[in-house]
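Asker: A single structure is presented below for examination.
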Amino acid sequence: MMKQRTRFTLSVVATAIALSGSTAFATEQEDGIKIGGAVRVNYAYKEYSEASKDKGGDFNFDIASITFNGKQGDWGLSADYRFTSSTNYVKSGYGFYDVNPEWQVQLGITKVPFGNPGFISNSFWFGLPYYLGFEDDHDAGVKAVFEKHGWQTDLAFFKGAEYGPTENKRYATDLYTGTINGTEYNNEETNQINIRQTYTATHNGGETTFGGSVQLGQIYNNKTGNNGDRYAIALHLDSSYKDWNLQLQALQYEYDAADSADQNKIGVSVVSWQYEIASKGQSYSANLAKTFSTDWGSVKCYNDFGLMTPDVDDDSYDNSMQNVTGCAIASGPTYTMIDFVMGKNMTFSTANNDHIGLPEAGDDWDRRININFGYYF
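Going by mature numbering (1 follows the signal peptide of the UniProt record, and there is no 0), the letters in the sequence shown line up with residues -26 to -1, 1 to 351, in that order.
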């Protein structure tokens, strides 16, 4: 089966818009539910694909989405459902209750509070942690959020992923049950606890958010009935000064699956695809962006770099890297992201390395250009 990379239906800006009503107590809202959405198209040119070069790239329908955001009194709703040319799936969908001006409780498919609040990326392509399951993930459970005087505390329990483990039509990366490259995986996420603490300090010209995150959970083997475990910890910083923004994050993770055919790797799935990642490792992110204001909108230019270092009992496993240089152009209801993507031993952005942290085929950086145009309403 050919990997459907041209259907890679992810966008930071669409996610940000969908989340704009999720922290209802941060700003006052009028009562009522607002219905919105987006339609996006995508151009992709892969330097490592002869077919793509022969055609001058591919231009396709990307995604349509519908969102519901709003509240009635202290109760509210936030939901985002997406449609592609081949499938459809829920990104998020939860109800929330404002206990008081500081506390909010969310129940449903809600965002996992791990890593830099918001995103650890600026581009359409997301950051490397996304492909490991640690950026903009949404699972089924309950979350409490506290905000006061610059402090934010997120406490959450997730019973499981938003879809079952054999499903790959999902917005964000989760553990997968199925066969990948001849290895049978029978894993599913369950009983996950998240704690994230951040503090935002304002200063002349901007603000800086410091934080740390912890994630603990089980891995259920649906063939043997046994449980393994998993954890992740991260330190993160997001600092803005005038028109500049700097994001830094260091992450350590481990998936220790029960009755695994190979303890060095594990299977995951996202956006109608499945691949393997090293079961233990570190991930480092460093992103720099500058925003330019114009008479008709704004332009944000950025460089997002991610490095993953495997930490398994096999010396043949190699580092994975991803670098995205691009600009996001906002004008009225439109948002266009132009990205130059470079990948090394990295899924979705290389020709022969559909994994993260496993032994590398070749020793080169692969390159592609991606342009995503969206209209939001």
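Backbone N, C-alpha and C fix where the C-beta goes; we use that ideal spot for every residue, glycine too.
#1: Have a look at Val188, Asn277, Gly336 and Pro307 and flag the residue whose alpha-carbon is nearest the alpha-carbon of Asp292.
#2: I'd like the span of the beta strand (DSSP E) that includes Ala224, first residue to last.
#3: Are there three or more Cβ pairs, one per stretch, closer than 8 angstroms when the region 87 to 100 is compared with the region 41 to 54?
#4: Given Trp270, which residues of its chain have a CB within under 6 angstroms of its CB, disregarding the five upstream and five downstream residues?
#5: Per DSSP, residue 361 is paired with what?
#6: Going along the chain, which residues of its own chain have a beta-carbon closer than 6 angstroms to the beta-carbon of Lys8, five neighbours each way excluded?
#7: Which residue comes first and which comes last in the alpha helix (DSSP H) that contains Asp28?
#8: Does Ser95 pass the burial test, meaning 16 or more other C-beta atoms within 10 Å, or should it be called exposed?
#9: DSSP beta-bridge partners for Glu250?
#10: Should Phe132 and Gln78 be called a contact, given that it needs their Cβ atoms to be closer than 8 angstroms?
#11: Return the residue from the list Asn219, Asp54, Gly107 and Phe70 that minimises the CA-CA distance to Val64.
#12: For His123, which beta-bridge partners are listed by DSSP?
#13: Starting from Tyr215 and walking both ways along the alpha helix (DSSP H), at which residues does that stretch end?
#14: Hey, Ala231 and Asn195: beta-carbon distance below 8 angstroms or not?
#15: Is Tyr215 near Gly179, with beta carbons less than 8 angstroms apart?
#16: Once you ignore the five residues that flank Thr(-4) on each side, which residues in its own chain have a CB closer than 8 angstroms to its CB?
#17: Return the residue from the list Tyr105, Val298 and Tyr350 that minimises the CA-CA distance to Tyr309.
#18: Quick check on DSSP: helix, strand or coil for Pro103?
#19: Quick check on the burial criterion: 16 or more other C-beta atoms within 10 angstroms. Buried or exposed for residue 356?
#20: Along the chain, where does the beta strand (DSSP E) containing Ala137 start, and where does it finish?
Answerer: Based on what the coordinates show:
#1: Gly336
#2: Trp218 to Asp230
#3: no
#4: Ser305
#5: Since the first residue shown for the chain is -26 and the last is 351, residue 361 is missing from the structure and cannot be characterised.
#6: Asn43 and Gly44
#7: Glu24 to Lys29
#8: buried
#9: Gly241 and His329
#10: no
#11: Asp54
#12: DSSP, once it has assigned bridges, lists no residue as partnering His123.
#13: Premise fails: Tyr215 lies in the beta strand (DSSP E), Asn201 to Tyr215, not in any alpha helix (DSSP H).
#14: yes
#15: yes
#16: Residue confidence for Thr(-4) is low, a pLDDT of 40 falling below 50, so the modelled location carries little weight; the figure read from the coordinates is stated next. Gln78, Val119 and Glu121.
#17: Tyr350
#18: helix
#19: This structure does not reach residue 356, given that the chain is present from -26 up to 351, and the question cannot be answered.
#20: This sequence places Tyr at residue 137; Ala is not what is there. Premise fails: Tyr137 is in no beta strand (DSSP E) and is neither H nor E.
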